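For reference, the structure is listed below as structure tokens.
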Amino acid sequence: MRYEKGHKEKTKQHILNVASREFRKGGIESVGLSGLMESAGLTNGAFYAHFKSKEDLVCEVLDDTFKTQIEAFKEAFDKGFSIEDVIKDYLSPKRRDNCGEACIASALTAEIARHPKATRKVFDRHFESMVQLLSSKIAPSSAYDSKERAISLYAQLVGTLQLSRVIPDVETSNLILKCGIESALKIVSTK
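Count along the sequence shown from 1, add 62, and you get the number used in this note's numbering.
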């Protein structure tokens, strides 16, 4: 049976999208290939037409999802959103409560740390891209340059979101988000 032109690329992108959502929602290790392919509405055999292994899929999901998220940050800045607006959106209850659609770094950082070096290098490449983007939006201060402040900011954002998800008490979780916003705003402040 012949498929229309671009079918293979569309199918691969569909698998990447489903895997990205499922990995962020439940963690990489909890997602089996057969369950993933069932969620994608495809057979198990179709997986190997696109990926060599689950680790290959993880690398491609990181690459694809980070690119999409960095592009979303750029679009927000292009639309006139300030770094302060982006901080408040990133550390919102909406992002905390919707892990499957939220930032891949906040959902998977701890798990990626236990993956092979090649996978961590994919993460690192996009970490550097995110730091570069944030750095371009932060004015340097006398004590730290904008790259150092961007690294501090990104670590603050990711860590705050992770911690807010762990705490079951909503009031405490909201307080973590509030404190994270205040700390992040201090990082980007020129005062």
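Backbone N, C-alpha and C define an ideal beta-carbon position, used for all residues, glycine too.
As the structure is a computational prediction, the values presented were derived from the model and not from experiment.
Cβ distance (whole Å) where residue i is taken to contact residue j below 8 Å
{"i": "I243", "j": "L225", "result": "Not a contact, Cβ separation roughly 13 Å."}
{"i": "S235", "j": "R158", "result": "7 Å"}
{"i": "H69", "j": "A102", "result": "At roughly 14 Å, the Cβ-Cβ gap does not stay under 8 Å, so H69 and A102 are not in contact."}
{"i": "I149", "j": "A246", "result": "5 Å"}
{"i": "L195", "j": "K136", "result": "7 Å"}
{"i": "L153", "j": "L223", "result": "6 Å"}
{"i": "M99", "j": "A111", "result": "With 8 Å as the limit, M99 and A111 do not qualify as a contact, their Cβ atoms being about 11 Å apart."}
{"i": "H188", "j": "I132", "result": "7 Å"}
{"i": "T171", "j": "V220", "result": "6 Å"}
Residue i in three-state terms, based on DSSP
{"i": "R176", "result": "coil"}
{"i": "F10", "result": "Past the boundaries of the shown model lies residue 10; the chain is included only from 63 to 253, so the question cannot be answered."}
{"i": "V93", "result": "coil"}
{"i": "S168", "result": "helix"}
{"i": "L160", "result": "Reading off the sequence, residue 160 comes out as Asn, not Leu. It is coil, neither helix nor strand."}
{"i": "K183", "result": "helix"}
{"i": "H69", "result": "helix"}
{"i": "Y152", "result": "helix"}
{"i": "H112", "result": "coil"}
{"i": "K87", "result": "helix"}
{"i": "Y216", "result": "helix"}
{"i": "F143", "result": "coil"}
{"i": "A201", "result": "coil"}
Same chain, Cβ closer than 7 Å to residue i, five either side skipped, listed in chain order
{"i": "C161", "result": "R86, K87, A169, R227"}
{"i": "F139", "result": "K199"}
{"i": "E84", "result": "V93, L98, S101"}
Same chain, Cβ closer than 6 Å to residue i, five either side skipped, listed in chain order
{"i": "V184", "result": "C121, L124, D125"}
{"i": "F113", "result": "L119"}
{"i": "S96", "result": "N106"}
{"i": "I213", "result": "V193"}
{"i": "K74", "result": "H112"}
Best match in the options for proximity to residue i [C-alpha to C-alpha]
{"i": "I249", "options": "K240, Q218, V232, D231", "result": "Q218"}
{"i": "E117", "options": "E173, I229, I213, S214", "result": "E173"}
{"i": "I145", "options": "M192, F128, L78, T73", "result": "M192"}
{"i": "S251", "options": "R211, A134, V220", "result": "R211"}
{"i": "K240", "options": "P155, S115, S82", "result": "P155"}
{"i": "E190", "options": "P202, S203, E84, L215", "result": "L215"}
{"i": "E163", "options": "I213, G89, T73, S82", "result": "S82"}
{"i": "D186", "options": "G89, D147, G142, F128", "result": "F128"}
{"i": "G89", "options": "K141, A201, R176, K67", "result": "R176"}
Contact with chain B by residue i, beta-carbon distance below 8 Å
{"i": "C241", "result": "No chain B appears in this structure, which consists of one protein chain only."}
Close beta carbons around residue i, own chain, < 8 Å, minus the five adjacent residues each side
{"i": "T181", "result": "E117, V120, C121, L124, I174"}
{"i": "K72", "result": "none"}
Near the ligand GDP: residue i beta-carbon under 7 Å from a heavy atom
{"i": "E146", "result": "Among the ligands in the structure shown, none appear at all, so the ligand GDP cannot be discussed."}
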